[in-house]
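Heads up: the sequence shown at position 82 corresponds to 109 in the numbering used here, and the numbers run straight through without jumps. Working notes for the structure below.
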Amino acid sequence: MLYPTKKSISVLTLAGFFSILQFTVGVTNSNAQSSEVQQLLRELNSMEGEADQLIQRMIAEDWQRIYRLSCQGLIQEANQLTKNGDYWATQVNIPHYAARASGNYAASERRYQEYNRRCR
Numbered sequence: 028m029l030y031p032t033k034k035s036i037s038v039l040t041l042a043g044f045f046s047i048l049q050f051t052v053g054v055t056n057s058n059a060q061s062s063e064v065q066q067l068l069r070e071l072n073s074m075e076g077e078a079d080q081l082i083q084r085m086i087a088e089d090w091q092r093i094y095r096l097s098c099q100g101l102i103q104e105a106n107q108l109t110k111n112g113d114y115w116a117t118q119v120n121i122p123h124y125a126a127r128a129s130g131n132y133a134a135s136e137r138r139y140q141e142y143n144r145r146c147r
C-alpha cells in the first residue's frame, strides 16, 4: 500500500491552489469580456437602428422620385434596373454584389408597381 508523502501532499495542494486561481482569473476575464461584449452589442444595435433609418429614408426618397416619373420613364428605369440587377447577380464570386443585385431588383419592382398602378 502506498502512503502519501509530504512532497506529494504539497504538490497536490499546490495544484489545487493553481486550479482555484485559474478558475478565479477565468471568471474575472469572463465577466470583463461579457461587459465588453454587452457594450459591443449595444453599439451594434445602435448602428442597426441607424442603418434601418437610412434605408427607410432612401426608399422614401426613391418613391418621391418614382412619383415624378412619366409612364415611359418608369418602364425605362425599371428595365435598366433589372438589367443592372442581372449583371450584379452574375458576379457570384463577390459576396456584396448579391446585395447590389437585390437592391436593383427591389428598385425595379417599385417602378413596375407604380407603372401598373398609374399607367395600366
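Heads up, the beta-carbon is just placed ideally off N, CA and C, and yes, glycines get one too. Keep in mind it's a predicted model, so treat the numbers as computed, not measured.
Beta-carbon separation (whole angstroms), residue i vs residue j, contact threshold 8 angstroms
| i | j | result |
| --- | --- | --- |
| E104 | R138 | 5 angstroms |
Beta-carbon spacing of residue i, residue j below 7 angstroms
| i | j | result |
| --- | --- | --- |
| G112 | Y132 | yes |
| I135 | T109 | Residue identity check: residue 135 is Ser in the sequence provided, not Ile. Against a cut-off of 7 angstroms, the Cβ pair of T109 and S135 comes out as a contact. |
| I86 | Y142 | no |
N- and C-terminal bounds of the alpha helix (DSSP H) containing residue i
| i | result |
| --- | --- |
| Q99 | 98-117 |
Residue i, buried or exposed, once every other Cβ within 10 Å from all chains shown has been counted against 16
| i | result |
| --- | --- |
| Y94 | exposed |
| W115 | buried |
Where residue i sits in the DSSP three-state scheme
| i | result |
| --- | --- |
| I82 | helix |
| R127 | helix |
| I121 | coil |
| R147 | coil |
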